[in-house]
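K.L.:
If you read the sequence shown in my numbering, its first letter stands for residue 223, the second for the next number, and so on.
Beta carbons are placed, not taken as given, at the ideal position from N, Cα and C, and that holds for glycine.
So that we are looking at the same thing, I have put the structure below in structure tokens.
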Amino acid sequence: MLILCSNDDGYLASGLHTLVAAARSFAEVCVVAPDREQSATSHALTMHAPLRAHRIDGDTFAVTGTPTDCIALALGALLDRRPDFVLSGVNHGPNMGEDVLYSGTVAAAMEATILGVPAVAVSYAGEDPVGIGEYGPLLANLLPQLVEKRDFPRETLLNVNLPPISPTEVKGVCITRLARRVYVDSLTRAVDPKGRPYFWIGGGGVEWTAPEGTDFHAVERGYISVTPLHLDLTNHALLADVEQWNLHL
């Protein structure tokens with residue numbers, strides 16, 4: 223089995239190294255990842271600049287682009303054969319609730335899914351990436367179980383979040399749906415030394431709506447969250463209602 227590993231924190235990220243080591247315990251592994259941090263790039267493609275892929279060693283490439291670029295180049299040009307599975311992560315920070323819409327780590331797994339390769343995105347919900355390394359043995363046990371479930375539905379990827387605690391304290395695995403979260407006071411306005419205004423997105427607080435059964439609820443209580451994500455964003459339950467609007471020109 224050949225597994226392609228990628229991420230959005232860059233090919234030097236400790237989370238990626240932990241993921242690769244875990245994957246190599248049960249499969250052949252290649253790595254195609256950004257050459258620098260590409261967090262919150264979502265599903266962006268580089269279309270107005272050339273992309274370059276630098277071979278770091280025999281099975282590792284660093285790409286001057288986004289996580290989505292990495293998967294596209296890996297499958298379309300860089301790999302000698304098509305991977306059986308794609309693993310993306312381990313992201314330095316959580317990807318729960320609406321985070322999945324912004325995450326480059328989730329987008330890499332999504333691009334693989336679009337291209338017909340089953341995929342899993344893995345994130346660590348702690349603020350200190352040093353804690354990711356402790357999850358190596360646990361991931362070496364969990365990932366084969368996910369990879370072997372090759373019959374999960376088409377156009378679906380799995381989004382995994384690891385709680386910010388020692389792996390020895392993890393209570394188990396929960397299958398979850400996405401929670402809802404809103405960032406509070408996340409936009410900062412300031413003035414640079416030359417008196418020009420600028421804005422900074424980030425910081426502030428987070429308000430979660432996370433009832434039982436959601437990813438945040440599970441992670442907050444010490445469980446690993448596994449959320450199936452579907453590519454189809456259509457609200458099928460509302461199709462008939464919207465048809466009754468009788469839209470016309």
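Taking DSSP as the reference, what is the three-state secondary structure of residue 383?
P.N.:
If DSSP states are grouped into helix, strand and coil, residue 383 belongs with the strands.
K.L.:
Suppose you measure from the CA of residue 402 to the CA of residue 318; what does that come to, to the nearest Å?
P.N.:
So the alpha carbons of these two residues sit roughly 8 angstroms apart.
K.L.:
Please name the residue, chosen from 277, 266 and 314, that lies closest to residue 239 on a Cα-to-Cα basis.
P.N.:
Among 277, 266 and 314, the Cα nearest to that of residue 239 belongs to 314.
K.L.:
Which of the three DSSP states is assigned to residue 224 in this structure?
P.N.:
Note: residue 224 maps to strand in three-state DSSP.
K.L.:
Look at the alpha carbon of residue 338 and the alpha carbon of residue 384, and state the distance between them as a whole number of angstroms.
P.N.:
Distance between the alpha carbons of residue 338 and residue 384: 26 angstroms.
K.L.:
Buried or exposed for residue 305, going by 16 or more other Cβ atoms inside 10 Å?
P.N.:
By the neighbour-count rule (16 or more Cβ atoms within 10 Å), residue 305 is buried.
K.L.:
Which residues in the same chain as residue 391 place their Cβ atom closer than 7 angstroms to its Cβ, once the five residues preceding and following it in sequence are excluded?
P.N.:
444, listed in sequence order.
K.L.:
Since residue 344 and residue 311 should fall inside the 8 angstroms C-beta cutoff, what is the C-beta to C-beta distance between them, to a whole number of angstroms?
P.N.:
Contact flag correct, Cβ pair sits at about 3 angstroms.
K.L.:
Return yes when the Cβ of residue 330 is within less than 7 angstroms of the Cβ of residue 278, no when it is not.
P.N.:
No.
K.L.:
Going straight from the alpha carbon of residue 256 to that of residue 463, what length do you get?
P.N.:
Going by the C-alpha atoms only, they are around 43 angstroms apart.
K.L.:
Given 6 angstroms as the limit, tell me if residue 360 has its C-beta closer than that to any heavy atom belonging to the ligand FAD.
P.N.:
In terms of ligand content, the structure shown is empty, and the ligand FAD therefore cannot be addressed.
K.L.:
Which one of 418, 448 and 341 has the shortest CA to CA distance from residue 394?
P.N.:
Answer by Cα proximity: 448.
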